[in-house]
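Okay, so here's the structure we're looking at.
Numbering (our numbering), first residue to last: 7 to 137.
Below, the structure written as structure tokens:
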């Protein structure tokens, strides 16, 4: 009986043990309430973005949230402050370079994405605000 109970406990506990092959593991930011491999908070740490040029429709990459935007297809340039006026095509994961799922929790308050999660590596980013 004791051996059987010991085997059951081992089956439950083993998946919770630290993986010696994992490079890094941390709990993500408290607002997200998820476990991820990596994560960041704040607009200054926002993942790289691709937006659509409002003049010609071409894609514009913005690596840093404080970089101005220059369209590679036409002569349009946009200040980084105009980011919210442009259509966000996607955010790119800074860890594995996959496209991230993103969204807004308070669309009547913010006109920029408030969160993004990578479906590949589970990297998670949060805008980070306090009400």
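Glycine included, C-beta positions come from ideal geometry on N, C-alpha and C.
All values derive from a computational prediction rather than experimental measurement.
Exercise for review: Helix, strand or coil for residue 87, going by three-state DSSP, please let me know.
Suggested key: helix
Practice item. Name the residue from 62, 55 and 15 whose alpha carbon lies nearest to the alpha carbon of residue 90. Key: 55
Review point. Is DSSP giving residue 63 helix, strand or coil here?
Key: coil
Check your understanding: Per DSSP, what kind of secondary structure is residue 134 in: helix, strand or coil?
Key -> coil
Review point. Just the Cα atoms here: how many angstroms apart are residue 80 and residue 68?
Key: 16 Å
Point to revise | Cα-Cα separation, residue 131 to residue 45 | key: 5 Å
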